[in-house]
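*Asks:* To start, I am sharing the structure in question, which I have written as structure tokens.
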Amino acid sequence: MSEPLLVVRDLCTTFATPTGRLRAVDGVSFDLGANETLGIVGESGSGKTVLSRTIMGLQPRTNVEVSGSVRLGGFEVVGASETAKRSIWGTEVAMVFQDPMTSLNPVVRIGNQITESLRVRLGMSRAEAKARAIELLELVGIPSAAERFRAYPGQLSGGMRQRVVIAIALSCSPSLLLADEPTTGLDVTIQAQILNLLDELKQRLAMSVILVTHDLGVVATRTSRIVVMYAGRVVETGTTRDVFYDHRMPYTRALLESSPKVSNPSHTRLAAIAGRPPNLTELGAGCAFAPRCAYASDRCRAERPELTAAGDGHTYACWHPLAPRGAPS
Amino acid sequence: MNEHPFEPEYPVDSLTAGVAGGELSGESSIVMEATTLDGVVAKKRLGPLFWICVGWLALNVLGAIFANVLPLKNPYFEDYSVVNAGPGWHHVFGTDDLGRDIFSRVVYGARVSIAAGLGSMVIGFAVGMPLGMLAAYRRGRFDGVTTTVMYVLLAFPAIIATIGVLSFWTPRNLIKIIIVIGIASIPLVYRVVRAATLAVASKDYVLAAKVQGATDRRILMKELLPNIAPVAVSFLVIGIATVITLEGALAFLGLSVNAPTPSWGNMINESRTDLAQNPWLALFPALAMCLFLLCLNFIGDRLRSHYDVAEVKL
Amino acid sequence: MSNADQPLLSVRDLEVTFGTRRRPLSAVAGVSFDIYPGETLGLVGESGCGKSTTGKALMRIIEPTSGQIVLEGTDVTTQTGRALRQARTKMQMIFQDPISSLNPRRRVKDIVAEPFDCWKSVRGPERDALVSDLLNKVGIDPEVYGDRYARQFSGGQCQRISIARSLAMRPSLLICDEMVSALDVSVQAQILNLLEDLKVEYGLTLLFIAHDLAVVRNVSDRVAVMYLGTICEIGPADALYSAPAHPYTKFLLGAALEADPDSPARDDVLQGEPPSPLDPPSGCRFRTRCPYATEKCVAEAPASREVAPGHQVACHYPLTVTTKGPASDD
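The listed protein sequences derive, respectively, from chains Y, D and A.
For what it's worth, our numbering labels the leading residue of the first sequence as 13, then goes sequentially.
For what it's worth, our numbering labels the leading residue of the second sequence as 184, then goes sequentially.
For what it's worth, our numbering labels the leading residue of the third sequence as 111, then goes sequentially.
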């Protein structure tokens with residue numbers, strides 16, 4: 013296999029808040045190859061959004077400490093200056109944010125929002141940029157692209173706006189696309205369209221994609237590998253099938269079992285996880301999930317588990333992992 | 184696809200978009216998540232400076248109320264033997280060009296400023312606040328008519344109106360000034376209260392109260408009022424400060440209380456003629472007014488930020 | 111679970127139109143359904159379909175433009191004043207945003223006691239006892255949390271408090287308007303389980319409005335699917351999900367993202383965008399995106415017809431279990 017596109021090692025992002033030091037991302041490491049789709053899954057407070065922003069280098073300038081390493085195609089993001097980071101933003105790595113209503117400037121026409129980055133980053137002339145922008149709008153499936161070029165974001169629906177955001181992200185042909193909850197808040201049918209679009213674009217433009225989401229349904233059929241996060245830490249990584257069918261960490265199982273499924277019969281009792289997500293400024297020495305885990309022991313509460321390999325790129329952090337099992341027949 | 188420019192969003196159901204996630208994007212959400220939600224929420228302190236300001240204001244107010252019983256020199260007594268004297272043992276702040284003690288005039292002068300400030304704000308709130316709350320809660324025609332009337336009144340320059348009325352409504356006294364400024368402040372209070380109530384009235388808990396069978400009156404008092412109180416109090420404090428300044432401006436035009444009644448504005452106005460000879464005449468009332476306003480503004484600002492309940496979206 | 115008796119709630123031809131006469135926005139265009147005592151009716155659809163508007167119209171928070179709403183035999187469509195307030199005690203609603211459902215400046219105990227205070231039905235120690243009981247039932251310890259302010263709670267806890275508040279008056283019908291949409295998956299599961307338990311204990315009937323198909327299926331006995339202000343299909347949950355009769359339902363289910371890597375890839379994704387309710391398509395409102403639409407669908411809005419006991423579809427060519435194309439028209 014060739015050199016991985018993205019290498020993250022021991023990444024830690026710590027915020028200084030009035031109530032204490034908050035480790036939003038705590039020792040995250042993973043690799044991402046070219047043309048691969050990785051899913052980062054977790055609930056709110058798991059640190060996944062902070063992680064995606066730290067990978068981009070978008071964390072705020074004050075009251076934040078970042079340590080560890082993020083190497084994107086040879087470029088080290090951690091510690092790089094703003095100017096240096098700007099050189100990779102858009103051209104090497106691009107981000108699609110969650111809320112299409114707020115990620116587009118409501119008073120600028122969408123065409124101009126796309127051509128802006130084309131003209132500034134790639135130095136295109138006005139005509140060239142316009143032609144390319146219309147191409148991009150067609151690429152993301154916006155009908156009547158030439159007319160829509162002059163539309164304002166407020167005139168488009170949520171799904172259309174998200175497509176425009178994707179078009180902007182792709183305008184300078186990045187090799188990595190970070191999509192942070194790209195379909196949350198969109199209708200189910202539109203979600204399916206957007207995710208299919210991302211798949212298609214990934215093939216066509218030979219990009220890697222990181223899908224950050226809380227929705228297991230989003231990552232189930234569209235990712236090759238998944239990273240599960242809890243309280244800022246990675247608790248399990250592996251291929252998608254491993255994480256769904258052969259998970260070892262009890263949190264992963266609890267997460268899977270508490271998600272209602274369309275195929276469940278009516279009135280199925282959901283296996284809820286007791287308690288609430290932890291307060292990140294008050295994490296103890298042991299495993300972050302211990303207070304809510306049915307299998308927790310004293311060791312879990314005292315010592316933080318290391319990431320152990322279960323073979324073939326599958327790792328988990330647990331002192332009492334679940335027994336391995338095969339996929340359902 | 185329909186091409187209606189700036190078409191309104193689909194009503195109501197569009198709210199489902201964007202909230203179906205669980206996590207807000209942006210680093211501020213992390214700070215929110217960090218706050219312990221079932222333990223102690225770190226109590227925001229008002230700070231020692233806040234209390235110093237409150238103390239200073241209290242001192243001024245008490246001095247103004249009890250000026251009669253305090254051991255002050257008569258503010259009207261003209262002692263020609265000590266005209267334009269600088270600060271000294273007998274006259275702490277000195278005397279003015281008619282030999283009157285500046286210190287006692289400053290203390291008595293506070294009465295005019297404070298009474299004007301409080302009195303006109305009381306009028307403004309007594310009328311503007313209920314109207315604003317009702318208009319924002321009821322909406323419909325009542326809101327439409329009242330707001331239009333208020334905006335028309337706002338468009339008319341208040342200063343000019345005040346000057347105009349006070350020029351003709353003689354003999355001037357403090358009550359008349361309070362009434363005029365009070366009426367002029369009604370549209371301002373109305374606007375602020377209405378905006379604050381609009382923000383609160385659209386929240387789900389107001390709807391929930393309605394759905395439980397609460398009468399409108401109950402909703403206004405128990406759900407809306409406590410939530411707009413911080414804004415109202417803050418505006419009240421700033422309003423008082425503004426009126427005090429306004430009184431000073433009116434005094435400059437000779438439209439404040441008639442001489443020899445001392446007021447801070449009057450004293451500053453009188454000092455204009457011989458500023459070079461007797462700077463103390465201008466300095467002390469100006470200082471008193473300045474400090475009072477500074478304390479008021481600081482308190483207003485602190486109250487606003489202290490009671491600003493941060494909305495946490497999950 | 112459904113009774114063959116009188117329905118608890120009966121809605122006939124409900125219409126809600128916003129906007130002006132020149133540009134009317136028909137958010138709900140002739141919706142009819144019944145809810146029987148003790149059952150949970152799920153109301154599902156995408157944004158803009160009018161499901162939330164329907165819920166609010168039932169509560170008379172939004173005024174229906176026309177139609178009839180009958181609750182426990184009483185016509186509540188046009189009631190006002192005290193009669194309306196009294197009717198509302200039998201019907202309660204839980205809102206989507208847990209944080210803004212509670213007054214941040216009031217204590218939890220007072221919030222839950224509010225219905226008692228409004229109606230002055232119970233006072234003093236009896237009132238306190240009832241409040242404590244309600245809080246305990248929803249899993250919030252009144253001793254520890256009763257005096258806290260509402261703003262100090264998380265989303266899941268706020269939703270529990272909202273539930274406690276709505277149960278105070280012992281309503282017969284509880285309308286849940288996207289009540290778990292803003293919650294995390296693990297918290298969502300807790301709240302849904304709680305709702306099931308309370309439903310049994312208090313003998314509630316639920317109208318569960320949501321856009322998440324999996325959640326609706328888990329909770330409901332019967333499900334109604336809405337599209338652009340009309341009900342496409344209504345029937346028993348299991349039957350509707352396994353064998354949808356309306357093309358829209360089929361696409362909706364197909365688009366649902368199942369948390370299962372082995373779920374089959376769907377190639378029949380619904381294309382296009384929902385039309386604007388300001389200018390809805392003539393005839394069947396789904397016809398612009400329906401691959402089976404014919405001229406009849408353009409000309410005539412389909413009436414609701416029964417395809418199986420208790421299962422109704424508003425379509426000229428309802429899908430049968432075995433075929434994928436339009437069935438022959440009778």
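All C-beta atoms, glycine included, are put in the ideal place defined by N, C-alpha and C.
What are the boundary residues of the alpha helix (DSSP H) that includes D238/A?
*Replies:* Note, D238/A: alpha helix (DSSP H), 234-247.
*Asks:* For W229/A and M404/D, I'd like the C-alpha separation in whole angstroms.
*Replies:* Near 16 Å, if we compare the C-alpha coordinates of M404/D and W229/A.
*Asks:* Sorted by chain position, which residues of the same chain lie with C-beta nearer than 6 Å to P7/Y's C-beta, five sequence neighbours on each side aside?
*Replies:* As shown, chain Y starts at 13 and ends at 341. That puts residue 7/Y outside it, with no answer to give.
*Asks:* Please list the residues of the segment 204-216 of chain Y that have a C-beta atom closer than 9 Å to any C-beta atom in chain A, keeping them in chain order.
*Replies:* A204, Q205, L207, N208
*Asks:* Do I222/Y and S64/Y have their C-beta atoms closer together than 8 Å?
*Replies:* For I222/Y and S64/Y, yes; Cβs fall inside 8 Å.
*Asks:* Does L277/A come out as helix, strand or coil in the three-state DSSP assignment?
*Replies:* helix
*Asks:* Please confirm whether G323/D has its beta-carbon closer than 8 Å to some beta-carbon of chain A.
*Replies:* no
*Asks:* Beta strand (DSSP E) containing H321/A: first to last residue?
*Replies:* That residue, H321/A, is in no beta strand (DSSP E); it is neither H nor E in DSSP.
*Asks:* Please determine if the segment 332-351 of chain A and the segment 412-426 of chain A are in contact, where contact requires at least 3 C-beta pairs separated by less than 8 Å.
*Replies:* yes
*Asks:* Using a threshold of 8 Å, state whether the C-beta atoms of G59/Y and V76/Y are closer than that.
*Replies:* no
*Asks:* Give the secondary structure of Y259/D by DSSP, where H, G and I count as helix, E and B as strand, and everything else as coil.
*Replies:* coil
*Asks:* For chain A, is any of its Cβ atoms less than 8 Å away from the one on A379/D?
*Replies:* no
*Asks:* Out of A369/A, A355/A, G364/A, A418/A, point me to the one whose CA is closest to H426/A's CA.
*Replies:* A355/A
*Asks:* For P225/A, go through chain D and note every residue whose CB falls closer than 9 Å to its CB, in chain order.
*Replies:* Residues of chain D whose Cβ lies closer than 9 Å to the Cβ of P225/A are, in chain order, Q395, G396, A397.
*Asks:* Label E216/D either buried or exposed according to how many other C-beta atoms from any shown protein chain fall within 10 Å of its C-beta, with 16 as the threshold for buried.
*Replies:* Low confidence applies to E216/D: its pLDDT is 30, below 50, so where it sits in the model is not reliable enough to give any reading.
*Asks:* Verify whether the separation of the beta carbon atoms of A293/D and N257/D is less than 8 Å.
*Replies:* no
*Asks:* Taking Cβ positions only, does I285/Y come closer than 8 Å to chain A?
*Replies:* yes
*Asks:* What is the residue span of the beta strand (DSSP E) that F8/Y lies within?
*Replies:* Because chain Y is modelled from 13 through 341, residue 8/Y falls outside the range shown and cannot be assessed.
*Asks:* Counting only C-beta atoms, is V274/Y closer than 8 Å to chain A at any point?
*Replies:* Chain A contact via Cβ: present.
*Asks:* Please report the straight-line C-alpha distance between N379/D and M68/Y, rounded to a whole angstrom.
*Replies:* In the sequence on display, residue 379/D carries Ala and not Asn. If you take the alpha carbons of A379/D and M68/Y, they lie about 39 Å apart.
*Asks:* Distance check for G153/Y and V379/A, CA to CA, integer angstroms please.
*Replies:* 14 Å
*Asks:* DSSP three-state label for I285/A, please.
*Replies:* strand
*Asks:* In the structure shown, what three-state DSSP assignment does E55/Y receive?
*Replies:* Residue state, collapsed to three classes: coil.
*Asks:* Going along chain A, which residues have a C-beta under 7 Å from Y388/D?
*Replies:* Ordered by position in chain A, the residues that pass the 7 Å Cβ test against Y388/D are S210, S211, L212, N213.
*Asks:* Report the rounded CA-to-CA distance for T187/A versus Q178/A, giving the unit in angstroms.
*Replies:* Near 6 Å, if we compare the C-alpha coordinates of Q178/A and T187/A.
*Asks:* Closer than 6 Å by C-beta to M184/D: which residues in its own chain qualify, once you throw out the five before and the five after it? Chain order, please.
*Replies:* Only weak support exists for where M184/D lies, its pLDDT of 27 falling under 50; the coordinates are left without a value.
*Asks:* Measure the C-alpha to C-alpha separation of N461/D and E453/D and round it to an integer number of angstroms.
*Replies:* 11 Å
*Asks:* Do the CB positions of L209/Y and S185/Y come within less than 8 Å of each other?
*Replies:* no
*Asks:* According to DSSP, is I178/Y part of a helix, a strand, or is it coil?
*Replies:* helix
*Asks:* Are the C-beta atoms of V110/A and some chain Y residue less than 8 Å apart?
*Replies:* Limits of chain A in this structure are 111 at one end and 440 at the other, which puts residue 110/A out of reach.
*Asks:* Does the beta-carbon distance from L188/Y to E104/Y come in below 8 Å?
*Replies:* Yes, the pair counts as a contact, with Cβ atoms nearer than the cut-off.
*Asks:* Check distances from the C-beta atoms of the segment 296-310 of chain A to those of chain Y and list, in chain order, the residues that come in under 8 Å.
*Replies:* S296, V297, Q298, A299, Q300, L302, N303, E306
*Asks:* How many whole angstroms separate the CB atoms of R288/Y and S264/A, which I take to be in contact at a CB cut-off of 8 Å?
*Replies:* 6 Å
*Asks:* Is the segment 258-275 of chain Y in contact with the segment 297-309 of chain Y, if contact means three or more CB pairs nearer than 8 Å?
*Replies:* yes
*Asks:* Do A366/A and A418/A come within 8 Å of each other at the CB atom, strictly closer than that value?
*Replies:* Against a cut-off of 8 Å, the Cβ pair of A366/A and A418/A comes out as no contact.
*Asks:* According to DSSP, simplified to helix, strand and coil, what is A424/A?
*Replies:* strand
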